[in-house]
Amino acid sequence: MSDSLVGLGSYDKAIQTIEIGINKNKNKEDVLKLKTKLNEIHQIKSIVEKNLEKLQLFQDLENQERLKLFETLTLRNIKLKPQYHKIPINYEGKIYLDSNNDLHFPFLIIYDEFNITDYIQVNKTTKTT
Numbered sequence: 003m004s005d006s007l008v009g010l011g012s013y014d015k016a017i018q019t020i021e022i023g024i025n026k027n028k029n030k031e032d033v034l035k036l037k038t039k040l041n042e043i044h045q046i047k048s049i050v051e052k053n054l055e056k057l058q059l060f061q062d063l064e065n066q067e068r069l070k071l072f073e074t075l076t077l078r079n080i081k082l083k084p085q086y087h088k089i090p091i092n093y094e095g096k097i098y099l100d101s102n103n104d105l106h107f108p109f110l111i112i113y114d115e116f117n118i119t120d121y122i123q124v125n126k127t128t129k130t131t
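Following the working numbering, the numbering of the sequence shown begins with 3 at its first residue and continues without gaps.
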């Protein structure tokens with residue numbers, strides 16, 4: 003998201019540069035081209051801003067979900083410790099609450115003697131009634 007904010011700053015700089023060009027330029031054709039480009043940049047900037055607003059909304063929802071999970075863990079006196087083993091890259095382990103307020107934990111079973119791991123995670127599913 004920070005990259006997008008930097009991009010918005012670039013749009014602002016482009017708009018300022020074009021506006022300076024419009025004010026300094028005496029050729030009507032060039033001014034018309036610059037105004038067309040200025041309108042295009044304003045439209046693109048508007049689309050990017052709307053997309054950023056949507057992204058922020060999704061991040062806010064994700065943060066609310068994390069906060070609810072943390073509160074549930076705290077209420078149930080569950081303390082998470084740092085992980086001791088690296089989870090293989092192709093697995094993504096997340097603790098989550100389902101619609102029944104049940105906690106779901108991933109399991110990583112390590113067989114050191116065989117250099118093998120088993121990873122068990124139930125995927126989130128939505129019930130349709």
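We put the beta carbon where it would ideally sit given N, CA and C, even for glycine.
Review point. Is the Cβ-Cβ distance between I20 and K39 less than 8 Å?
Key: By one-based count along the sequence shown, residue 20 stands at place 18. By one-based count along the sequence shown, residue 39 stands at place 37. In this structure, K39 lies closer than 8 Å to I20 by Cβ.
Exercise for review: Figure out for me which residue from N53, D62, N102 and K96 has the closest Cα to the Cα of L110.
Suggested key: Within the sequence shown, residue 110 is the residue found at index 108, counting from 1. Looking at the Cα atoms, K96 is the closest of the given residues.
Practice item. Under 8 Å Cβ to Cβ from G11, same chain only, skipping five residues before and after it: list those, please. Key: In the sequence shown, counting from the first residue as 1, residue 11 sits at position 9. Hits under 8 Å: none found.
Review point. Who are the near neighbours of E51 in its chain, counting only those whose CB is closer than 6 Å to its CB and skipping five residues on each side?
Key: Numbered from 1 along the sequence shown, position 49 holds the residue referred to as residue 51. No residues qualify anywhere along the chain.
**Study point:** Straight-line Cα distance separating K26 from E64
**Key:** Walking along the sequence shown from the start, residue 64 turns up at place 62. Walking along the sequence shown from the start, residue 26 turns up at place 24. So the alpha carbons of these two residues sit roughly 48 Å apart.
Exercise for review: Let me know if L34 comes out buried or exposed under the rule of 16 or more other beta-carbons within 10 Å of its beta-carbon.
Suggested key: Here residue 34 corresponds to residue number 32 of the sequence shown, with the count starting at 1. Per the 10 Å Cβ criterion, exposed.
Check your understanding: When DSSP builds the beta bridges, which residues end up paired with Y13?
Key -> For the purposes of this step, residue 13 is identified with residue 11 of the sequence shown, where counting begins at 1. Paired residues: none, contrary to the question.
Practice item. Could you check if S4 is buried or exposed, using at least 16 other CB atoms within 10 Å of its CB as the buried criterion? Key: Here residue 4 refers to the residue found at position 2 when the sequence shown is read from its first residue. With a pLDDT of 46 at S4, under the threshold of 50, the predicted position of this residue should be treated as unreliable, though the coordinate-derived value follows. Classification for S4: exposed.
Exercise for review: Quick one: residues in its chain with C-beta nearer than 6 Å to the C-beta of L59, no 5 flanking neighbours on either side, listed in chain order?
Suggested key: Residue mapping note: residue 59 aligns to position 57 of the sequence shown, counting from 1. The answer is none, since no qualifying residue turns up.
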